[in-house]
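Going by our numbering, the letters in the sequence shown line up with residues 700 to 950, in that order. Quick reminder that beta carbons are idealized off the backbone N, C-alpha and C, glycines included. What you are looking at is a predicted structure, and each value in this text was computed from that prediction instead of being measured. All remarks here apply to the structure that follows.
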Amino acid sequence: VITGSASGIGLAARRRVERSGGLVIGIDRRDAEIEVDLADAGARGAAAESIRSLATSLDSVIVCAGIGRPEPATVSVNYFGAVEILERLRPLLAAGVQPRAVVVVSMAIVHEADAGIVDACLRGDEPAARSAAAGKGPLIYRSSKRALARWVRRAAITHAWAGAGIALNAVAPGVVRTPMTAALLDMPAQVARLRQDTPMPLGGPAEADEIAGALEWFASPACSGVTGQCLFVDGGSDAVLRGDDVWRRPS
Ligand SMILES: NC(=O)c1ccc[n+]([C@@H]2O[C@H](COP(=O)([O-])OP(=O)(O)OC[C@H]3O[C@@H](n4cnc5c(N)ncnc54)[C@H](O)[C@@H]3O)[C@@H](O)[C@H]2O)c1
Numbered sequence: 700v701i702t703g704s705a706s707g708i709g710l711a712a713r714r715r716v717e718r719s720g721g722l723v724i725g726i727d728r729r730d731a732e733i734e735v736d737l738a739d740a741g742a743r744g745a746a747a748e749s750i751r752s753l754a755t756s757l758d759s760v761i762v763c764a765g766i767g768r769p770e771p772a773t774v775s776v777n778y779f780g781a782v783e784i785l786e787r788l789r790p791l792l793a794a795g796v797q798p799r800a801v802v803v804v805s806m807a808i809v810h811e812a813d814a815g816i817v818d819a820c821l822r823g824d825e826p827a828a829r830s831a832a833a834g835k836g837p838l839i840y841r842s843s844k845r846a847l848a849r850w851v852r853r854a855a856i857t858h859a860w861a862g863a864g865i866a867l868n869a870v871a872p873g874v875v876r877t878p879m880t881a882a883l884l885d886m887p888a889q890v891a892r893l894r895q896d897t898p899m900p901l902g903g904p905a906e907a908d909e910i911a912g913a914l915e916w917f918a919s920p921a922c923s924g925v926t927g928q929c930l931f932v933d934g935g936s937d938a939v940l941r942g943d944d945v946w947r948r949p950s
């Protein structure tokens, strides 16, 4: 299963999986096997039901669907749309062979986030997360992704995931050339701001297929013994912004 399979990183992931012979069930608002609005809590359950009618087990779930708009719906799509689909599909993964799940977060998780949004997400309280998001502008996207990255680390090591043999990881892209960023990347002032917020010494913006390569690996049996990790595919932004001592325990 690939969410966000109609465009950008999700579409690049779909093409890679299909090139290597995989059968993909896409979830997206359009141009997908399951067409659904992941901002709508009721529709998420219906989407999972439709997948249960198509498959008795799954090898992998790749969660790409996301939006970057500074509005509360971003929390619903990016956090609740991801976590609920993963939780609902977990039994099908558990029935799979060497099952894997991977979500797309963002290098923006290292930027300042809003604790109220993050905490409400991690409590699973969607109405509270949406009301905490009202008026928070750019903090909404970062907070939805920070919460998702933290959920991955929490959930990955539990009985429900690790205990069922399901590896669960995250990929954090820097700036990627996709329909989501096309308008921004056409505006020189925005490009200068992106370079400042997301310095990419290895070169950037990335192409969607570079991110899809990491997703394909995390979704494959080659990803062995790795869970709860967040891989920054960001041209070096994380190393620039957080430096070389990221493994210390908080005192
Ligand atoms: N492009 C970047 O620079 C960048 C950087 C970091 C992280 N990301 C993340 O990568 C993921 C993919 O983004 P992209 O750049 O490929 O964008 P994109 O806009 O090209 O693709 C996003 C896909 O998600 C789908 N989607 C959005 N809202 C949905 C909803 N409510 N219900 C169902 N489907 C929905 C869209 O229809 C689209 O097909 C997102 O989670 C995004 O936050 C992107």
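By how many angstroms is the C-alpha of residue j removed from the C-alpha of residue i?
i: R665; j: S719; result: The requested residue 665 does not occur in the structure, where the chain is confined to residues 700 to 950.
i: L757; j: P887; result: 43 Å
i: R822; j: R852; result: 15 Å
i: S974; j: L737; result: Nothing about residue 974 can be reported from this structure: the residues present for the chain run from 700 to 950 only.
i: A745; j: S950; result: 44 Å
i: A807; j: D908; result: 20 Å
i: D885; j: A861; result: 43 Å
i: R894; j: A794; result: 44 Å
i: A828; j: P771; result: 8 Å
i: T773; j: G924; result: 32 Å
i: E906; j: H858; result: 36 Å
i: E753; j: A921; result: Before going on, a small fix: residue 753 reads as Leu here, not Glu. Cα-Cα distance, rounded: 26 Å.
i: R947; j: A855; result: 21 Å
i: M899; j: V735; result: 34 Å
i: S919; j: L785; result: 17 Å
i: R849; j: C929; result: 10 Å
i: A846; j: F779; result: 10 Å
i: G903; j: I708; result: 15 Å
i: S749; j: S805; result: 29 Å
In the structure shown, what three-state DSSP assignment does residue i receive?
i: T702; result: strand
i: R824; result: Note that residue 824 corresponds to Asp in the displayed sequence, not to Arg. Coil.
i: E783; result: helix
i: R718; result: helix
i: L867; result: strand
i: A800; result: strand
i: E734; result: strand
i: I726; result: strand
i: S759; result: strand
i: P790; result: helix
Ligand 3 and residue i: does the residue's C-beta get closer than 7 Å to at least one heavy atom of that ligand?
i: V875; result: For the structure depicted, ligand 3 is absent and the ligand set comprises only ligand 1.
Would you say the region 820-838 touches the region 867-885, given that touching needs at least three Cβ pairs under 8 Å?
The region 820-838, when compared against the region 867-885, does not touch it at the 8 Å Cβ threshold.
In the region 873-937, which residue ranges form an unbroken alpha helix (DSSP H) of at least 4 residues, counting only runs that do not cross its ends?
Within the region 873-937, the complete alpha helix (DSSP H) runs of at least 4 residues are 881-884, 887-896, 907-917.
Tell me whether the region 941-948 and the region 856-875 touch, counting them as touching only if at least three CB pairs, one residue from each stretch, are closer than 8 Å.
Flag = no, the region 941-948 and the region 856-875 do not touch.
Residues around ligand 1, please: the condition is that the C-beta lies closer than 5 Å to some non-hydrogen atom of it.
Spelled out in chain order, the answer is G703, A705, S706, G707, I708, D727, R728, D736, L737, A738, C763, A764, G765, I766, V776, V803, S805, P872, V874, V875, T877, P878, M879, T880.
Three or more C-beta pairs closer than 8 Å, one from the region 715-730 and one from the region 798-806: is that the case here?
Not touching, per the Cβ criterion.
Would you be able to state if there are at least three C-beta pairs under 8 Å between the region 911-921 and the region 788-795?
The region 788-795 is not in contact with the region 911-921.
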